[in-house]
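Novice:
There are 2 protein chains.
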Amino acid sequence: MNKEIDVRICEVGPRDGLQNEQTPIDTAKKVAWINQLVDTGLTYIELTSFVHPKWIPALSDAREVVRGVKRKQNVTFGALVPNERGLERALEAGVDEIAIFLSASETHNRKNLNQSIDQTYTTLLKVINEAKNAGKSIRGYISMVFGCPFEGQIHINQVSSISYRLMEMGVNEISLGDTIGIATPNQVEDVLRHVSKQVPLTNIALHPHDTSGTALVNTFAAYKVGVRAFDGSVGGLGGCPYAPGAAGNVATEDMVFMFEGMGVKTGVQLEKVIQCAQWIQSIVKRNLPSHRLQMALAHQNKGGVK
Amino acid sequence: MNKEIDVRICEVGPRDGLQNEQTPIDTAKKVAWINQLVDTGLTYIELTSFVHPKWIPALSDAREVVRGVKRKQNVTFGALVPNERGLERALEAGVDEIAIFLSASETHNRKNLNQSIDQTYTTLLKVINEAKNAGKSIRGYISMVFGCPFEGQIHINQVSSISYRLMEMGVNEISLGDTIGIATPNQVEDVLRHVSKQVPLTNIALHPHDTSGTALVNTFAAYKVGVRAFDGSVGGLGGCPYAPGAAGNVATEDMVFMFEGMGVKTGVQLEKVIQCAQWIQSIVKRNLPSHRLQMALAHQNKGGVK
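Note that the protein sequences, when read in sequence, are chains Z and V. Letter by letter, the first sequence follows residues 1 to 306 of full-length UniProt numbering. Letter by letter, the second sequence follows residues 1 to 306 of full-length UniProt numbering.
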């Protein structure tokens, strides 16, 4: 990790945020927005997803987005890939890092990927090996870590065993997702301590959701346990795929505000992130759930209090 | 404290929530709503404010509200009073507990109360003595504890000295308010540890605001330090008086969700509180910032996922 920062904020808005947005957005606008994000000090930006456009039409311009953004030293540009075909397209477009995914919930994994977790390992191993051969680092998302809409609670051993398996397969960073935003801080501590027996916390990131308003408290709990990488989405873009209308991804700026307030250096410029949030809110034309954005807008309208 | 609960949730919605709402609400509806709140298991409900109706027309029916609600054993009904005249009206209406207030910020105190903090002590002492003589317990709110829109940072010694002074004057519970929602968890820990040198934490409550999305993380931090009383407002009713449109009071149901998820007993029934939030949202006719309410509504609309 960059020695000048204490935690690494991983920006997933252009992928995880936009994939759930209904408003079609021009590629040129996406690229302009990502270029703004690059200037905030963020060091990881997940640009898009190379899943089949049939599944996520909003990201069907994946290649053009990857090719369009300006590159910057020390900023890693990632993209999600579901399989070898996606990997080929991602490599051809020229990403720095490959993100793969599976679910901690057998039922959700089958519904989402149409295969068992064991079958998914086979797919992922091929993708990981090819990506490694191409010199790429790998990020692995595990969803439903803290609870699943189909299975309810997920056994803590299931989370650590999947995490360990991914690390063995060569994944560099494993992002544990609170996909339905149901985690409470004690649970985050318990899961992370359990996982840390098999996978060093330096290889773990937290992907909190704010559906229950607990994204920052769970972030804080994970930080206290020793996690140093956190996923956010500018503006809180994305929502909750399992509860349309409710909050999903935590706003990057809310996370940066908390950490900087704690004296924990993120390397990210809060005001610039808020500007990016304001910009994308004007594009998607709905009020985003970001607290610091709405506070900034309220102050602008009032022309006053800081 | 009731031995069957681990933390006490203090419901301030009918006072601190409604005082900022623009929609006029019939007294009968307020009373019906408070009666619902009484059935959730909450043990403190702040019913209204006996400030002059000129200042808060929304609460000009204070007397009728206090007289209208059904009483229940083990539920304390409080009301805010600014001065002796307010106290008289509150006592005459029949409240159980008196809430008084001042600001940790000299500038804000002068703007809000038109007197210095020292002058306010004189006013409050009279109110406290009279209330004590009438056999009432006293709750004291200190606002702007973690930052002020006029003064910026508030010195930690200022907070502990005001807290100590209030305790000396006979205040039973002192609620420290993050009025502009600017606190971060480390600051909450620092302030509380400092205050606890002069005032036992058993006499301290936290009044978090969610303007920056940090209400629950600050609640968690305060709990870890040893605070066991927390103020919430059903639905997150109230907003931020210093940033209209932004979030203010934390939703009681979000707080209950977090604590119960942590195995910390609140004695409050989450589903019933969410019903109260849904009810008042239908009255004020705007989407309230409560996460658990919006999640519940999203699931209702979808007819599915729990």
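All C-beta atoms, glycine included, are put in the ideal place defined by N, C-alpha and C.
What residue range is occupied by the uninterrupted beta strand (DSSP E) comprising S282 (chain Z)?
Specialist: Premise fails: S282 (chain Z) lies in the alpha helix (DSSP H), 270-284, not in any beta strand (DSSP E).
Novice: Is the CB of D6 (chain Z) under 7 Å away from at least one CB in chain V?
Specialist: No, because no Cβ of chain V sits closer than 7 Å to the Cβ of D6 (chain Z).
Novice: Buried or exposed: which applies to S116 (chain Z), given that a residue is buried once 16 or more other Cβ atoms fall within 10 Å of its Cβ?
Specialist: Counting Cβ neighbours within 10 Å, S116 (chain Z) comes out exposed, since fewer than 16 surround it.
Novice: Check the Cβ-Cβ distances between V217 (chain V) and every residue of chain Z, and say whether any is below 7 Å.
Specialist: Interface residue, yes.
Novice: CA-CA distance, L166 (chain Z) and S105 (chain Z)?
Specialist: Each residue's Cα considered, the two are about 15 Å apart.
Novice: Can the beta-carbon of G268 (chain V) be found closer than 7 Å to that of I9 (chain V)?
Specialist: A small fix is needed here, since residue 268 (chain V) is Val in this sequence, not Gly. Going by C-beta atoms, V268 (chain V) is nearer than 7 Å to I9 (chain V).
Novice: Exposed or buried, what is K306 (chain Z) when buried is set at 16 or more other beta-carbons lying within 10 Å of its beta-carbon?
Specialist: Low per-residue confidence applies at K306 (chain Z): pLDDT is 36, beneath 50, and the placement is therefore not dependable, though the value from the model is reported in the following sentence. K306 (chain Z) should be labelled exposed.
Novice: Looking only at its own chain, which residues have a Cβ that is under 6 Å from the Cβ of V250 (chain Z), when we skip the five neighbours before and after it?
Specialist: Once the five neighbours on either side are set aside, the close Cβ partners of V250 (chain Z) are P208, D210, A215, G232.
Novice: If I'm right that A93 (chain V) touches A58 (chain V) with Cβ under 8 Å, what's the distance once you round it to whole angstroms?
Specialist: Going by Cβ atoms, the distance from A93 (chain V) to A58 (chain V) rounds to 17 Å, so no, they are not a contact pair.
Novice: Taking any Cβ of chain V, which residues in the region 187-207 of chain Z have a Cβ under 8 Å from it, in chain order?
Specialist: The residues in question are Q187.
Novice: Quick check on this structure: which residue in V:K272, V:E260, V:C240 has the alpha carbon closest to the alpha carbon of L288 (chain V)?
Specialist: L288 (chain V) has its Cα closest to that of V:C240, out of V:K272, V:E260, V:C240.
Novice: What are the uninterrupted segments assigned as alpha helix (DSSP H) that are 4 or more residues long and contained completely in the region 56-83 of chain Z, given in chain order?
Specialist: You should have 62-68.
Novice: At a Cβ threshold of 7 Å, is L176 (chain V) touching chain Z?
Specialist: Closer than 7 Å: no.
Novice: Taking S49 (chain V) as the query, report the chain Z residues whose CB atoms sit under 9 Å from its CB, ordered along the chain.
Specialist: The contacting residues do not exist; S49 (chain V) stays about 23 Å from chain Z at best.
Novice: What did DSSP end up calling H52 (chain V) once you bin it into helix, strand or coil?
Specialist: If DSSP states are grouped into helix, strand and coil, H52 (chain V) belongs with coil.
Novice: Using DSSP with H/G/I as helix, E/B as strand and the rest coil, what is G304 (chain V)?
Specialist: Because G304 (chain V) carries a pLDDT of 42, less than 50, the predicted location of this residue cannot be relied on, and the following value inherits that uncertainty. Note: G304 (chain V) maps to coil in three-state DSSP.
Novice: Leaving out five residues on either side along the sequence, give the residues of the same chain with a beta carbon under 8 Å from the beta carbon of G170 (chain V).
Specialist: Cβ within range, chain order: I128, N129, K132, I138.
Novice: Measuring straight from C-alpha to C-alpha, what distance separates P185 (chain Z) and T184 (chain V)?
Specialist: About 16 Å.
Novice: Pull the bridge partners of G177 (chain Z) from the DSSP assignment, please.
Specialist: Its beta-bridge partners are Z:H207.
Novice: Hey, quick one: how far does the alpha helix (DSSP H) through G248 (chain V) stretch, first residue to last?
Specialist: That residue, G248 (chain V), is in no alpha helix (DSSP H); it is neither H nor E in DSSP.
Novice: Which residue from V:A134, V:L293, V:R228 puts its Cα closest to that of L176 (chain V)?
Specialist: Answer by Cα proximity: V:R228.
Novice: Let's test the definition: count the other Cβ atoms within 10 Å of the Cβ of N109 (chain Z) and tell me whether it reaches 16, buried, or not, exposed.
Specialist: When all chains shown are included, N109 (chain Z) counts as buried.
Novice: For a contact meaning CB atoms closer than 8 Å, what does R292 (chain Z) contact in chain V?
Specialist: The contacting residues are S212, G213.
Novice: Just checking my contact of S282 (chain V) with G236 (chain V) at CB under 8 Å: how many whole Å lie between their CB atoms?
Specialist: Going by Cβ atoms, the distance from S282 (chain V) to G236 (chain V) rounds to 15 Å, so no, they are not a contact pair.
Novice: Under a three-way DSSP split, which group does Y121 (chain Z) fall into?
Specialist: Y121 (chain Z): helix per DSSP, three-state reduction.
Novice: Following the continuous beta strand (DSSP E) through A229 (chain Z), name the residue where it begins and the one where it ends.
Specialist: That run of the beta strand (DSSP E) goes 229-232.
Novice: So what does DSSP say about Y223 (chain Z), is it helix, strand or coil?
Specialist: Three-state result, Y223 (chain Z): helix.
Novice: Please classify P200 (chain Z): is it buried, with 16 or more other beta-carbons within 10 angstroms of its beta-carbon, or exposed?
Specialist: With fewer than 16 Cβ atoms within 10 Å of its Cβ, P200 (chain Z) is classed as exposed.
Novice: Since Q187 (chain V) contacts G261 (chain Z) with CB under 8 Å, what's their CB separation in whole angstroms?
Specialist: Right, their Cβ atoms sit about 7 Å apart.
Novice: Rounded to whole angstroms, what is the Cα-Cα separation between I100 (chain Z) and C148 (chain Z)?
Specialist: Using only the alpha carbons, I get a separation of about 19 Å.
Novice: With a 10 Å radius around its C-beta and 16 neighbouring C-beta atoms as the bar for buried, classify D26 (chain V) as buried or exposed.
Specialist: The residue in question, D26 (chain V), is exposed, as its Cβ has fewer than 16 Cβ neighbours within 10 Å.
Novice: Between the C-alpha atoms of R67 (chain Z) and D16 (chain Z), what's the straight-line distance to the nearest angstrom?
Specialist: So the two alpha carbons sit approximately 19 Å from each other.
Novice: Given G41 (chain Z), which residues of its chain have a CB within under 8 Å of its CB, disregarding the five upstream and five downstream residues?
Specialist: Contacts found: T266, G267, V268, Q269, K272.
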